[in-house]
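Peer 1: So the sequences go chain by chain: A and B. Per this note's numbering, the first sequence starts with residue 45, numbered consecutively. Per this note's numbering, the second sequence starts with residue 45, numbered consecutively. Where a beta carbon is used, it is the ideal one built from N, C-alpha and C, also for glycine. Here the structure is a predicted model, which is why all the values come from computation and not from measurement.
Protein chains: 2
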Amino acid sequence: MLHYKRTLKISMSQEELIVRIARNGWDVHIKRMDALLAALSDAQLDEEIAPGRNRGIYLLGHLIAVHDGLFDILGLGERLYPQLDSVYLSSPDKAGLDMLPAATLRKYWSEVNGRLTDRFSAMPASEWFMQHTHMSAEDFKKEPHRNKLSVLLSRTSHLGYHHGQLVLLKK
Amino acid sequence: MLHYKRTLKISMSQEELIVRIARNGWDVHIKRMDALLAALSDAQLDEEIAPGRNRGIYLLGHLIAVHDGLFDILGLGERLYPQLDSVYLSSPDKAGLDMLPAATLRKYWSEVNGRLTDRFSAMPASEWFMQHTHMSAEDFKKEPHRNKLSVLLSRTSHLGYHHGQLVLLKK
Numbered sequence: 045m046l047h048y049k050r051t052l053k054i055s056m057s058q059e060e061l062i063v064r065i066a067r068n069g070w071d072v073h074i075k076r077m078d079a080l081l082a083a084l085s086d087a088q089l090d091e092e093i094a095p096g097r098n099r100g101i102y103l104l105g106h107l108i109a110v111h112d113g114l115f116d117i118l119g120l121g122e123r124l125y126p127q128l129d130s131v132y133l134s135s136p137d138k139a140g141l142d143m144l145p146a147a148t149l150r151k152y153w154s155e156v157n158g159r160l161t162d163r164f165s166a167m168p169a170s171e172w173f174m175q176h177t178h179m180s181a182e183d184f185k186k187e188p189h190r191n192k193l194s195v196l197l198s199r200t201s202h203l204g205y206h207h208g209q210l211v212l213l214k215k
Numbered sequence: 045m046l047h048y049k050r051t052l053k054i055s056m057s058q059e060e061l062i063v064r065i066a067r068n069g070w071d072v073h074i075k076r077m078d079a080l081l082a083a084l085s086d087a088q089l090d091e092e093i094a095p096g097r098n099r100g101i102y103l104l105g106h107l108i109a110v111h112d113g114l115f116d117i118l119g120l121g122e123r124l125y126p127q128l129d130s131v132y133l134s135s136p137d138k139a140g141l142d143m144l145p146a147a148t149l150r151k152y153w154s155e156v157n158g159r160l161t162d163r164f165s166a167m168p169a170s171e172w173f174m175q176h177t178h179m180s181a182e183d184f185k186k187e188p189h190r191n192k193l194s195v196l197l198s199r200t201s202h203l204g205y206h207h208g209q210l211v212l213l214k215k
């Protein structure tokens with residue numbers, strides 16, 4: 045870790061500022077989605093966001109699976125619900141697979157994001173500038189901007205993308 | 045400017061890395077939206093993203109107005125189309141106001157983003173860590189994370205949010 049810190053001439057206060065910006069963005073998006081989920085009934089989550097499109101419960105499962113994947117890609121320990129991937133990542137909605145009920149998804153959503161927040165808070169700021177686990181040291185030398193922080197920013201946008209869709213379930 | 049640099053102990057190479065991450069994210073989102081707009085006909089843009097919801101042309105005008113506002117908030121010079129605000133920011137869709145045709149919006153979209161890219165490229169990396177124009181020096185001292193970079197990240201997520209909606213116009 046010291047090797048990269050020296051290479052990038054990272055100063056701690058600058059790191060902390062950057063991490064604060066990125067984590068604030070993440071937290072804001074999570075809170076907005078929490079508020080949206082609280083405003084939606086289970087019956088509304090069972091509906092399609094638009095005629096013939098994904099259902100709310102599929103998109104919620106998809107977001108949980110992607111966020112759960114962060115434990116892996118950011119090196120934060122074991123995932124909570126890897127079994128979601130086959131239904132909510134590798135398969136489209138309405139593929140005939142067993143879907144979890146909205147109530148279960150709501151619980152998973154809170155658990156995954158709650159644990160992520162705990163792990164993020166325990167990470168030293170410098171850790172965000174390290175390579176993520178899906179990248180080789182070789183590649184990271186060539187593309188040092190593809191660090192853990194860039195993964196968080198990318199997942200924040202991903203959440204925003206599907207939030208823009210889930211909001212259509214509101215009456 | 046030097047004052048803030050000293051306060052935050054910013055090192056240039058670190059700055060450049062972060063700015064690269066943020067600008068990459070922005071560029072990726074703009075390119076994805078360009079590709080989506082190329083795939084949508086003007087007739088499709090005239091449609092609602094879901095029954096009773098915003099039309100494509102409203103959301104496109106909204107995105108142009110918000111991006112055009114970046115010239116102002118980031119201190120990058122005169123806005124190109126401030127007249128869009130009253131129709132696409134302050135008013136909802138279908139408020140009975142004159143709407144621009146899709147062809148005009150496509151042109152504005154390219155112009156605004158093209159000029160933004162030019163201005164971004166001309167900005168020294170350190171400039172992104174300065175206060176934006178809608179913030180007082182006083183407030184910025186208290187909340188130095190609310191800088192120009194955080195505005196860009198926030199607008200990137202905003203674009204993602206509406207992209208998730210506009211994609212529903214695809215057949």
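#1: Applying a beta-carbon distance threshold of less than 8 Å, which residues of chain B neighbour residue 188(A)?
#2: What residues of chain B sit near residue 194(A), judged by a beta carbon separation below 7 Å?
#3: Applying the 10 Å Cβ sphere with the 16-neighbour rule, what's the burial state of residue 183(A)?
#4: Just the Cα atoms here: how many angstroms apart are residue 135(A) and residue 58(A)?
#5: What does residue 205(A) touch in chain B if you count any residue whose Cβ is under 8 Å from its own?
#6: Which residues in the same chain have their Cβ closer than 6 Å to the Cβ of residue 153(B), if we skip the five residues on either side of it in sequence?
#7: At least one CB of chain D closer than 8 Å to the CB of residue 69(B): is that the case?
#8: Can residue 193(A) and residue 66(A) be called in contact, C-beta distance under 8 Å?
#9: Indicate whether residue 209(B) and residue 103(B) have their beta-carbon atoms separated by less than 8 Å.
#10: Based on the DSSP secondary-structure assignment, which residues constitute the bridge partners of residue 98(A)?
#11: Any C-beta of chain A sitting closer than 8 Å to the C-beta of residue 167(B)?
#12: Output, in chain order, the set of chain B residues within a Cβ distance shorter than 8 Å of residue 93(A).
#13: Compare the Cα-Cα distances from residue 160(A) to each of 79(A), 112(A), 91(A) and 82(A) and report the closest residue.
#14: Round the Cβ separation of residue 110(A) and residue 199(A) to the nearest angstrom and send it over; I've been treating them as touching at under 8 Å.
#15: If distances are taken between C-alpha atoms only, which option among 215(B), 99(B) and 82(B) comes closest to residue 137(B)?
#16: Output the boundary residues of the alpha helix (DSSP H) element that contains residue 87(B).
#17: What's the gap between the Cα of residue 214(B) and the Cα of residue 201(B)?
#18: Taking the straight line between their C-alpha atoms, what separation do you get for residue 84(B) and residue 94(B)?
#19: In angstroms with no decimal places, state the Cα-to-Cα distance between residue 150(A) and residue 89(A).
#20: Between the C-alpha atoms of residue 71(B) and residue 63(B), what's the straight-line distance to the nearest angstrom?
#21: Are any of the Cβ atoms in chain B nearer than 8 Å to that of residue 221(A)?
#22: Check the Cβ-Cβ distances between residue 199(A) and every residue of chain B, and say whether any is below 8 Å.
#23: Do residue 176(B) and residue 117(B) have their C-beta atoms within less than 8 Å of each other?
#24: In angstroms with no decimal places, state the Cα-to-Cα distance between residue 172(B) and residue 180(B).
#25: Rounded to the nearest angstrom, what separates residue 128(B) and residue 164(B) at their Cα positions?
#26: Is residue 73(A) close to chain B, meaning its C-beta is less than 8 Å from at least one C-beta of that chain?
#27: Using alpha carbons as the reference points, say which of 170(A), 188(A), 157(A) and 197(A) lies closest to residue 78(A).
#28: Within a Cβ cutoff of 6 Å, which residues of the same chain sit near residue 131(A), ignoring the five residues on either side of it in sequence?
#29: Can you find the residues in the same chain that come closer than 8 Å, C-beta to C-beta, to residue 50(B), ignoring five residues on each side of it along the sequence?
#30: Taking DSSP as the reference, what is the three-state secondary structure of residue 213(A)?
#31: Residue 212(B) to residue 97(B), Cα distance in whole Å?
#32: Out of 178(B), 188(B), 87(B) and 169(B), which has the shortest C-alpha to C-alpha gap to residue 145(B)?
#33: May I ask which residues mark the beginning and end of the alpha helix (DSSP H) holding residue 69(A)?
#34: Give the range of the alpha helix (DSSP H) segment to which residue 154(B) is assigned.
Peer 2: Put simply:
#1: By Cβ distance, chain B contributes 61.
#2: Those are 65, listed as they occur along chain B.
#3: It counts as exposed.
#4: Their Cα atoms are separated by approximately 41 Å.
#5: By Cβ distance, chain B contributes 204, 205, 207 and 208.
#6: When the five nearest sequence neighbours on each side are left out, the beta carbons in the same chain lying within less than 6 Å of the beta carbon of residue 153(B) are those of 108, in order along the chain.
#7: Note that chain D does not occur in the displayed structure, where the protein chains are A and B.
#8: If you check the CB distance, residue 193(A) and residue 66(A) come in under 8 Å.
#9: With respect to the 8 Å criterion, residue 209(B) and residue 103(B) are classified as neighbours on the basis of their beta carbons.
#10: Residue 98(A) is bridged by DSSP to nothing; it lacks a bridge partner.
#11: No, its Cβ sits nowhere closer than 8 Å to a Cβ of chain A.
#12: Within chain B, the residues near residue 93(A) are 94 and 212.
#13: Nearest in C-alpha terms to residue 160(A), of all of 79(A), 112(A), 91(A) and 82(A), is 112(A).
#14: So it is a contact: roughly 7 Å between Cβ atoms.
#15: Closest by alpha carbon: 99(B).
#16: Element bounds for residue 87(B): 86–89.
#17: Each residue's Cα considered, the two are about 21 Å apart.
#18: About 15 Å.
#19: CA-CA distance, residue 150(A) to residue 89(A), rounds to 10 Å.
#20: Between residue 71(B) and residue 63(B), the C-alpha separation is close to 12 Å.
#21: Outside the shown range of chain A (45 to 215) lies residue 221(A), about which nothing can therefore be said.
#22: No, residue 199(A) lies away from the interface with chain B (no Cβ there is under 8 Å from its Cβ).
#23: The Cβ atoms of residue 176(B) and residue 117(B) lie closer than 8 Å to each other.
#24: In a straight line, the C-alpha of residue 172(B) is about 16 Å away from that of residue 180(B).
#25: Near 22 Å, if we compare the C-alpha coordinates of residue 164(B) and residue 128(B).
#26: Yes, residue 73(A) lies at the interface with chain B (some Cβ there is under 8 Å from its Cβ).
#27: Minimum Cα distance to residue 78(A) is reached at 157(A).
#28: Contacts found: 141.
#29: Residue placement at residue 50(B) is flagged as unreliable, the pLDDT there being 43, under the threshold of 50; the coordinate-derived value follows with that caveat. Cβ neighbours of residue 50(B) beyond the five flanking positions: none.
#30: DSSP places residue 213(A) in helix when its eight states are reduced to three.
#31: In a straight line, the C-alpha of residue 212(B) is about 11 Å away from that of residue 97(B).
#32: Cα-wise, what sits closest to residue 145(B) is 87(B).
#33: Membership of residue 69(A) in the alpha helix (DSSP H) is indicated by the continuous run 56–83.
#34: Run containing residue 154(B): 146–166, per the alpha helix (DSSP H) assignment.
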